[in-house]
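Heads up: the sequence lines are chains A and B, in that order. Going letter by letter, the first sequence gives residues 129 to 427 in the working numbering. Going letter by letter, the second sequence gives residues 129 to 427 in the working numbering. Worksheet: one structure, shown below.
2 protein chains.
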Amino acid sequence: MKAIDRLIKRINDTNSVLCVGLDPNDIFFTHKIKQIEGIIEQYREFCYKVIDSVHDIVPCIKLNIAFFEPLGPEGLALFKELLEYSSSIGLVTVSDIKRGDIGSSSEAYAKAYLSNGAPFESDFITVNGYLGIDGVEPFASLADKNEKGLFILVKTSNKSSSEIQDLKTLGENKAVYEKMGELVEKWGENCIGENGYSSIGAVVGATHKEELQKMREKHPKMFFLVPGFGVQGGSADDIKCAFDQNGLGAIINSSRGIIGKPFSIEKNEKRYLSDEEFKQMIIEEVRANNEKLNSVRRK
Amino acid sequence: MKAIDRLIKRINDTNSVLCVGLDPNDIFFTHKIKQIEGIIEQYREFCYKVIDSVHDIVPCIKLNIAFFEPLGPEGLALFKELLEYSSSIGLVTVSDIKRGDIGSSSEAYAKAYLSNGAPFESDFITVNGYLGIDGVEPFASLADKNEKGLFILVKTSNKSSSEIQDLKTLGENKAVYEKMGELVEKWGENCIGENGYSSIGAVVGATHKEELQKMREKHPKMFFLVPGFGVQGGSADDIKCAFDQNGLGAIINSSRGIIGKPFSIEKNEKRYLSDEEFKQMIIEEVRANNEKLNSVRRK
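What follows is the structure in structure tokens.
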């Protein structure tokens, strides 16, 4: 089954479009950690607790490799372990790696994440398309072959995304992100699944409502990964235009909005949560987000 | 000493502007390897031989992480080991990682490569600026603090780099890569070293002579990392405009042009080279390239 159809099946099974972003930024831990050696163990414990809490109430989990690389090879071994574990308990996995290079290098990256049995095998990865099709093609072709998927950066959620992505092009008077969107559509034409969506999708930030709406109207077969919901400022109302008439077409990521909660409680109340309290808190956050998102995605 | 001044000192000491790209693509090895477990050992042996051959005749080495990630955490442990070894014998190190993300994630990546004592500590890294300044700022500020440097992708060497990078912008009628170049100049203003160049430089491909010339004229304080020389099609004549009147302003990368040579000999002559033959071949290639580049960089 194509990656996009596996994802849509999970969305229907869990009745959720929420993607939980696992960004174990070490700021969550600095209040407890005395020695650097302890970080990996804390990361592991934290991540397993989150995964176990959410595995049957969300379709997918997004692991951001940026927060594992500072821990070196051991951090990446943990990243690998968490991908395997998440997958083994049924979660669709998104590796947020934002890779992109020229042909032979992209081919090597693709092999690392999209091959069957690859060390960092994932259902989806995020890709940076600034280098153009010969940097994206190796990802797209391996994804197609192995029933994996991509989310290509089109319009990111950060404020200064406008510096390059919003530049208006001559002649057509389109923004760079719109041109990137057109390329993503073209690159994804061969990967349309049985639900009418392509396994080659786009990252479009929740913080840019107009752009999200424009992208939805223009690209009915493009599935979106929407970051920036919650802590970064995007509201449920901002993202309702990301969905089609069946409430499909996007997964909405929340990272700090979910996993930061137990931490802030610990900090404010100056006490540690029990595992049970921690899990309950995560589950409550996810349920509240599911409800909020479900109320806007079905018009 | 700022990263850019360390690099320029090495250029003067070795009388070379050649950057040897260590892209140990497994195609170099497939003819010998029976088991996947053997790859790491072959990679290690190959890379050490190259580093030992070139360490006193080139200023710097570029390690492309794309070719280590498919080997999983062990591959990244080797990447780390090679960075440390290269640095210990005096080479300036460039980690070709092409990372780029939003603020907190870029900060995490920066920590992994640009902190003192970081697991993958490097003198320079390559960065993708598609996300704009808040994706680049964490790299630039840590680079400035720790005397490290960046090469930000401006105009890459691949053919389809035109798809996004050459789009002409409305009003100013500038290409996207030119706008990126202007941003790189702005981002690098605080990092100018004693030789007049900034530690925040740009990647501009040897395959785009006109663009390279335009960039040189417009940005006299910007140092370039120039890929695409040799196998990818850029000639010594194509890149002479990258240099200033003192023959400085750029390092020229060659990967397959240097390290592919011993392999192709082995393949064509159907025999294995001795370590001594291997090293001599690499040294001869480097010397020939040094001569070619020195003849054009001093007008």
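We put the CB at the ideal spot given by N, CA and C, even for glycine.
- Within 7 Å of the CB of residue 262 of chain B, the CB atoms of chain A belong to 286, 287 and 288, in sequence order along the chain.
- Of all residues in the segment 166-178 of chain A, none places a beta-carbon less than 9 Å from a beta-carbon of chain B.
- Proximity of the segment 277-292 of chain B to the segment 228-240 of chain A meets the contact definition, three or more beta-carbon pairs being nearer than 8 Å.
- Distances from the CA of residue 213 of chain B to each of B:273, B:196, B:278 and B:248 were compared; the closest alpha carbon is that of B:248.
- One Cα belongs to residue 206 of chain B, the other to residue 368 of chain B, and the distance between them is close to 35 Å.
- By a beta-carbon distance limit of 8 Å, residue 387 of chain A contacts residue 150 of chain A. Their separation comes to about 7 Å.
- Short of 6 Å from the beta carbon of residue 411 of chain B, and not among the five residues preceding or following it, lie these beta carbons of its own chain, in chain order: 181.
- For residue 208 of chain A, the neighbours in chain B by C-beta distance under 8 Å run, in chain order, 200 and 201.
- In the three-state DSSP reduction, residue 134 of chain A falls in the helix class (H, G or I).
- Membership of residue 233 of chain A in the alpha helix (DSSP H) is indicated by the continuous run 231-242.
- Here residue 227 of chain A is bridged, per DSSP, to A:255.
- At a cut-off of 7 Å, the C-beta of residue 237 of chain B has a neighbouring C-beta in chain A.
- Neighbours of residue 229 of chain B across chain A, judged by C-beta separation under 7 Å: 194 and 226.
- Residue 190 of chain A is positioned such that its CB atom lies closer than 7 Å to that of residue 381 of chain A.
- Listed in chain order, the non-local C-beta contacts of residue 215 of chain A below 6 Å within the same chain comprise 221, local neighbours out to five positions each way being set aside.
- Counting other Cβ atoms within 10 Å of its Cβ, residue 359 of chain A stays below 16 and is therefore classed as exposed.
- Residue 321 of chain A is not a Cβ neighbour of residue 177 of chain A, given a cutoff of 7 Å.
- For residue 244 of chain A, the closest of B:260, B:198 and B:250 by C-alpha to C-alpha distance is B:198.
- Close partners of residue 257 of chain B in chain A (Cβ separation under 9 Å): 258, 291 and 292.
- The closest CA to that of residue 279 of chain B, considering only B:223, B:145 and B:144, is found on B:223.
- A residue is called buried when at least 16 other Cβ atoms come within 10 angstroms of its Cβ; residue 344 of chain A meets this threshold and is buried.
- The residues 266, in chain order, have a CB closer than 6 Å to that of residue 235 of chain B in the same chain once the five nearest residues on each side in sequence are set aside.
- The C-alpha of residue 262 of chain B lies about 10 Å from the C-alpha of residue 233 of chain B.
- Counting other Cβ atoms within 10 Å of its Cβ, residue 329 of chain B reaches 16 or more and is therefore classed as buried.
- Residue 351 of chain B is positioned such that its CB atom lies closer than 7 Å to that of residue 132 of chain B.
- Judged by their CB atoms, residue 277 of chain B and residue 268 of chain B are not nearer to each other than the 7 Å cut-off.
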